[in-house]
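Visitor: By my numbering, the letter at position 27 of the sequence shown is numbered 34, and the numbering carries on one by one without gaps.
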Amino acid sequence: MCRLFGLSSAPRRTTATFWLLDAPDSLSRQSHADPDGTGLGHFAADGTPHVDKAPIAAYRDRAFAEEARRVESATFVAHVRYASTGSLDTRNTHPFEQDGRLFAHNGVIEGLDALDDHLGEDRSLVRGDTDSERFFALITRETRRRGGDVAAGVEHAARWIAGHLPVYALNLVLVTSGHLWALRYPDTHELYVLERRAGGPHGGRHLDHSGSRGRMRVHSAHLADHPAVVVASERMDDNPHWRLMEPGELLHVAPGPHTTRRVVLPEAPAHRLSLDDLNPDAAASQKAA
Numbered sequence: 008m009c010r011l012f013g014l015s016s017a018p019r020r021t022t023a024t025f026w027l028l029d030a031p032d033s034l035s036r037q038s039h040a041d042p043d044g045t046g047l048g049h050f051a052a053d054g055t056p057h058v059d060k061a062p063i064a065a066y067r068d069r070a071f072a073e074e075a076r077r078v079e080s081a082t083f084v085a086h087v088r089y090a091s092t093g094s095l096d097t098r099n100t101h102p103f104e105q106d107g108r109l110f111a112h113n114g115v116i117e118g119l120d121a122l123d124d125h126l127g128e129d130r131s132l133v134r135g136d137t138d139s140e141r142f143f144a145l146i147t148r149e150t151r152r153r154g155g156d157v158a159a160g161v162e163h164a165a166r167w168i169a170g171h172l173p174v175y176a177l178n179l180v181l182v183t184s185g186h187l188w189a190l191r192y193p194d195t196h197e198l199y200v201l202e203r204r205a206g207g208p209h210g211g212r213h214l215d216h217s218g219s220r221g222r223m224r225v226h227s228a229h230l231a232d233h234p235a236v237v238v239a240s241e242r243m244d245d246n247p248h249w250r251l252m253e254p255g256e257l258l259h260v261a262p263g264p265h266t267t268r269r270v271v272l273p274e275a276p277a278h279r280l281s282l283d284d285l286n287p288d289a290a291a292s293q294k295a296a
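1. Quick one: Cα of D215 to Cα of H265, how far?
2. For a test of the three-state rule: what should DSSP assign to R268, helix, strand or coil?
3. Just confirm the distance between the C-beta atoms of R1 and L126, as a whole number of angstroms; I'd bet it's less than 8 Å.
4. Have a look at M252 and Y199 and give me their C-alpha separation to the nearest angstrom.
5. Are M243 and S217 closer than 8 Å when you measure CB to CB?
6. Within the same chain, show all residues whose beta-carbon is closer than 8 Å to that of A121, passing over the 5 residues directly before and after it, in chain order.
7. Less than 8 Å separating the beta-carbons of P208 and H233?
8. Can you round the beta-carbon distance between V180 and G13 to whole angstroms, since I take them to be within the 8 Å contact cut?
9. Would you call the CB atoms of V161 and E202 closer than 8 Å?
10. Look at the alpha carbon of A51 and the alpha carbon of P276, and state the distance between them as a whole number of angstroms.
11. Where do the N-terminal and C-terminal ends of the beta strand (DSSP E) with W188 fall, by residue?
12. Grab me the residues of S139's own chain with a C-beta within less than 6 Å of its C-beta, minus the 5 sequence neighbours each way, in chain order.
13. Measuring alpha carbon to alpha carbon, tell me which residue in E197, A231, A70 and R224 is nearest R250.
14. Could you tell me the distance, in whole angstroms, from the CA atom of V87 to the CA atom of M223?
15. Can you grab the Cα-Cα spacing for the pair E73 / G107, in whole Å?
16. With DSSP collapsed to three states, give me the class of N246.
17. Can you find the residues in the same chain that come closer than 6 Å, C-beta to C-beta, to G114, ignoring five residues on each side of it along the sequence?
18. Here's a check: name, in chain order, each residue in its chain whose Cβ is nearer than 6 Å to the Cβ of R77, leaving out the five neighbours to either side.
19. Output needed for D194: all residues of its chain with C-beta closer than 7 Å, excluding positions within five of it in sequence on either side, in chain order.
20. Looking at the strands, I want to know which residues DSSP matches up with W26.
21. Suppose the cutoff is 6 Å on Cβ atoms and the five residues either side in sequence are ignored; what does the same chain contact list for D123 look like?
22. Spatial neighbours of P262 within its chain, please: C-beta separation below 7 Å, excluding the five flanking residues on both sides.
23. Looking only at its chain, what residues have a beta carbon closer than 6 Å to the beta carbon of S15, apart from the 5 residues adjacent to it on each side?
24. Going by alpha carbons, who is nearest to S80 out of A70, P62 and H49?
25. Label E241 either buried or exposed according to how many other C-beta atoms from any shown protein chain fall within 10 Å of its C-beta, with 16 as the threshold for buried.
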């Protein structure tokens, strides 16, 4: 399944090095579960969003994903894609940017014609073919309607989709230059949060996180002496303070960093999908790799 990662050390800008895939000797080249794209989003000091992403097709672009990326930002979002909808090209690779915000999603939404109808003229925000970017466009539209309140935008967009469309999962990470939001919905996929004190549980330690089976590694020496909040699809180290987000929980990380959380979708989707309901490509994208 897709891997989500978000980090906030706001208001402090943090230098971090990302490896979105480990070197090929750590992962069989014969694996049927090799990813379809990788991407990293962050912000310049003036708040300008930057996205560094590429699809992976027939292993040709693994070098892009294996290359270390050393960037500085107060917030980051990273994504490893297993395609469920949309072709393997850059426009369908996460993260996506709209209105100066960056977004990545793990899950499947069906009924895209109905979602396009609901978006109306705001369908123009979508440049690719994915359900994920359409979901983001609805969040952007609802956020604008609510005076820039991102939490309200996420809640209203997710609630409309959950009530009207077939849904497998809506897990997301959304960041601005100083804020991070994450949603887990429903309980299909796990999403964890770590409120990491400076230096980790033992003090004085760099942040050094590694995903499973060669997926995504993050290192930051700056976080030996500064707190941060991390959101990820899996626990990425042995810190005992990782917490599994509740189904329907919306997390907000404000500068400090300070966290607030609220269950905004306590009910199940009106049309909940199972793996058996998905087409073979979508089902394969949602299985643990």
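A virtual CB, placed ideally from N, CA and C, is assigned to each residue, including glycine.
All values derive from a computational prediction rather than experimental measurement.
Guide: In this structure, then:
1. 21 Å
2. strand
3. Residue 1 lies beyond the stretch modelled for the chain, which goes from 8 to 296, so this question has no answer here.
4. 6 Å
5. yes
6. H171 and L172
7. no
8. 4 Å
9. no
10. 38 Å
11. L187 to R191
12. H112
13. E197
14. 8 Å
15. 27 Å
16. coil
17. Y175, A176, L177 and N178
18. T24
19. P254
20. R224
21. R130
22. A17, P18 and G185
23. T82, L187, V236, V260 and P264
24. H49
25. buried
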